[in-house]
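In what follows, a structure is listed as C-alpha cells, so that the remarks can point back to it.
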Amino acid sequence: MLIRVADLEAIRDARIDTQFRRWKRPTVKAGGTLLTAVGLVAIDEVDPVSLDAISAEDISRAGFQDLAALAAALRGEGQLYRIRLHLAGDDPRIALREAVDKLDGIAPKLARMDAAQPWTRAILTIIRENPGVSAQILADRLGMEKQLFKTRVRRLKALGLTESLEVGYRIAPRGAAVLDAT
C-alpha cells in the first residue's frame with residue numbers, strides 16, 4: 247500500500263489514522279506493518295465500506311474536509327476499504343545500520359543471496375565508492391538492469407547494509423564493516 251508523503255507525515259504526527267482505498271482485493275491486512283519513510287506503520291483494521299456509509303468522523307480522521315474531497319481523491323477500481331493505522335515506531339533498519347558489532351549471521355545470508363550468481367559485494371562496493379549516484383548510473387556501471395539493481399539494493403537495505411538517499415544510496419556503517427571483514 248502506497249501512502250502519500252503528506253499523509254505519512256500526518257500519521258507520524260497523529261493528525262490522521264485512517265486511509266481509504268479501492269481495491270479488487272486488499273493489499274494489507276489487520277495486524278500487518280508497512281516500512282515507510284516516517285517509520286513502521288501498523289495496520290489496525292481493514293474494513294470494506296460503501297461511500298455513502300462513511301461518517302463525518304471517518305472523513306476527518308482521514309484528513310479530508312468533506313466527502314466530496316475524499317471521493318475525488320479515490321483512485322482505482324473495486325471495493326472501497328477503510329484502513330485504520332498508526333505509527334508503531336522507528337524503522338528498525340535505522341538502528342540496524344549502526345549495529346557494526348552484530349555481524350553474526352550476515353555472511354550466510356549474503357552467501358544465499360549470491361548462490362546463483364555473486365552480486366552482493368559488487369553492489370556494496372559500488373555504493374561505497376559512489377554515494378548519492380543514481381540507481382540508473384550504478385546499474386549501468388555493473389551491466390545490470392535498473393529494476394534488478396534496485397531490488398537487490400532493497401534486500402541489502404533490509405539487512406541494514408545500505409541507506410537510500412534522495413538520489414542514490416550510501417553504505418551504512420554496518421555495510422562498511424561487512425565489506426571490510428570480507
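Numbering (my numbering), first residue to last: 247 to 428.
C-beta: ideal position from N, C-alpha, C; glycine also.
{"Check": "Alpha helix (DSSP H) segments (min. 4 residues) lying fully within the region 330 to 373", "Outcome": "338 to 344, 352 to 359"}
{"Check": "Three-state secondary structure assigned by DSSP to E303", "Outcome": "helix"}
{"Check": "Rounded distance between the beta-carbons of V295 and R328, thought under 8 Å", "Outcome": "5 Å"}
{"Check": "Sequence-distant residues of the same chain with beta carbon closer than 8 Å to A334, five excluded per side", "Outcome": "T279, G285, L286, V287, A288"}
{"Check": "Simplified DSSP state of F395, which is helix, strand or coil", "Outcome": "helix"}
{"Check": "From V251, R250, Q311, G406, residue whose alpha carbon lies closest to that of I343", "Outcome": "Correcting the residue type first, residue 343 is Arg in the shown sequence and not Ile. Nearest of V251, R250, Q311, G406 to R343, Cα basis: G406."}
{"Check": "8 Å contact criterion, which G324 and L370 should meet: CB distance rounded", "Outcome": "About 41 Å; that fails the 8 Å criterion."}
{"Check": "Per DSSP, cross-strand counterpart(s) of P294", "Outcome": "Y327"}
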